[in-house]
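Engineer:
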Amino acid sequence: MSVLEINKTRVVVLDNPETLVRALADYFVELADTSIKDHGRFSVALSGGSTPKALYQLLATPEFSEKLDWKHIYLFLGDERCVAPDDAESNFGMVKAALLSKVSIPAENIFPTVGQESDPTQAAKDYEQKLGAFFNESMPRFDLVLLGLGPDGHTASLFPGSAALTIKDQIFVANYVEKFKSSRLTITFPVINNASHVVFLVSGESKAEIVRDIFQSATNKYPAQLVQPAGGKLEWYVDRAAAAGLSGG
Ligand code: 6PG
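At position 115 of the sequence shown (counting the first as 1) the number is 132 in our numbering, and the numbers step up by one without a gap.
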């Protein structure tokens, strides 16, 4: 493992995808312990995507699941596709199969997103109400927001050029994505940037160029660059392949 400090952001570089998810699983346990000791709960917005899936599968193993106080852990989705939970594209479906179905987390601690092809706006409003009720305040403050990164610099379902990038007064929205000719559901930057911890999990050489560009470009031209938690801590957990374009990576 090596730790870089780039633009005041801690970048933890692991040798390969396996050691990457193991390091983040260890950190997840540490953050859960700290949060629960501090305020009695650990609230997390999980990311979709194939890279986070490997983390969830590891957290579901006894080596990690037995270290986690699931009755005080509350799991949300940071974004969702507009499909049914049993659809192969569903982020909630992926999280349920990889993690939720394998650990002793109380059902009331799980907040599933319900993608709806028919009415994405209503689906987003329904989830926004769940978030508002849980956080009992206007702006949710997650203990951890876990994010992936797309090759185009998107994160959650905040895609380049999409309307949600500029939303300041909503916490969870339907966001039309031109390249998919469909909507996604996503938390907005005000929520992400209000979190106590935000962690990007990025793996593979296919992400090396975008990771380099994000850290080297002076302008905020990628959605991921708008992740700037005001009072929280931003960290990147990447493997060497994804960090290849970083000096010291
Ligand atoms: C989604 C994710 C998305 C994802 C990135 C990285 O719904 O697809 O939330 O933001 O995290 O696209 O995905 P991979 O890890 O599969 O490359």
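We treat Cβ as the ideally placed atom computed from N, Cα and C, and that holds for glycine.
Got a sec: does the ligand 6PG put a non-hydrogen atom nearer than 7 Å to the Cβ of Gly65?
Structural biologist: Gly65: yes, Cβ under 7 Å from the ligand 6PG.
Engineer: Is His214 helix, strand or coil when you go by DSSP?
Structural biologist: Correct three-state label for His214: strand.
Engineer: Just how far apart, CA to CA, sit Glu134 and Glu47?
Structural biologist: Roughly 38 Å separates the two Cα atoms.
Engineer: Apart from the five residues just before and just after Tyr73, which ones in its own chain have a Cβ nearer than 7 Å to its Cβ?
Structural biologist: Around Tyr73: Val112, Ala115, Leu116.
Engineer: Just verifying my parser: in three-state terms, what is the DSSP assignment at Asp50?
Structural biologist: In this structure, Asp50 counts as helix in the three-state DSSP scheme.
Engineer: Under 8 Å, with one C-beta from each stretch per pair, do the stretch 181-194 and the stretch 65-84 reach the 3-pair mark?
Structural biologist: The answer is no - the stretch 65-84 does not touch the stretch 181-194, with fewer than three Cβ pairs under 8 Å.
Engineer: Taking buried to mean at least 16 other C-beta atoms within 10 Å of its own C-beta, is Pro137 buried or exposed?
Structural biologist: Burial call: buried.
Engineer: Suppose you measure from the CA of Ser60 to the CA of Leu75; what does that come to, to the nearest Å?
Structural biologist: The alpha-carbon atoms of Ser60 and Leu75 are separated by roughly 19 Å.
Engineer: Let me know if Glu106 comes out buried or exposed under the rule of 16 or more other beta-carbons within 10 Å of its beta-carbon.
Structural biologist: Flag for Glu106 reads exposed.
Engineer: What separation, rounded to the nearest whole angstrom, lies between the Cα atoms of Glu222 and Trp253?
Structural biologist: So the two alpha carbons sit approximately 15 Å from each other.
Engineer: Can you tell me whether Ala124 is helix, strand or coil according to DSSP?
Structural biologist: DSSP places Ala124 in helix when its eight states are reduced to three.
Engineer: Nearer than 7 Å: is that true of the beta carbon of Ser174 relative to any heavy atom of the ligand 6PG?
Structural biologist: Because some heavy atom of the ligand 6PG lies under 7 Å away, the Cβ of Ser174 counts as near it: yes.
Engineer: Could you tell me whether the Cβ atoms of Met156 and Ile188 are closer together than 8 Å?
Structural biologist: Yes, they are a contact pair.
Engineer: State buried or exposed for Asn153, treating a residue as buried only when at least 16 other CB atoms are found within 10 Å of its CB.
Structural biologist: Exposed, by the Cβ-count rule.
Engineer: Could you name the residues of the same chain whose beta carbon sits closer than 7 Å to that of Arg39, not counting the 5 residues immediately before and after it, in chain order?
Structural biologist: Closer than 7 Å at Cβ, skipping near neighbours: Leu75.
Engineer: Based on DSSP bridge pairs, tell me the residues matched to Ala191.
Structural biologist: DSSP output for Ala191 lists Leu202 as bridge partner(s).
Engineer: Can you check DSSP and say which residues form a bridge with Phe59?
Structural biologist: BP columns for Phe59 point to Ile90.
Engineer: Quick check on Thr236: does DSSP put it in helix, strand or coil?
Structural biologist: Looking at Thr236 - three-state DSSP - the assignment turns out to be coil, as it is neither helix nor strand.
Engineer: Measuring only the C-alpha atoms, how far is Val219 from Glu145?
Structural biologist: Cα to Cα, the separation comes out at about 27 Å.
Engineer: Taking the CB atoms as reference points, tell me whether Leu251 and Thr26 lie closer together than 8 Å.
Structural biologist: Contact: yes.
Engineer: Within the present structure, is the beta-carbon of Asn108 separated from the nearest heavy atom of the ligand 6PG by less than 7 Å?
Structural biologist: Indeed, a heavy atom of the ligand 6PG lies less than 7 Å from the Cβ.
Engineer: Please go through the same chain and pick out, in chain order, the residues whose beta-carbon is closer than 7 Å to the beta-carbon of Gly110, but skip the five residues on each side of it.
Structural biologist: Closer than 7 Å at the Cβ level, and outside the excluded window around Gly110, lie Pro102, Asp103, Asp104.
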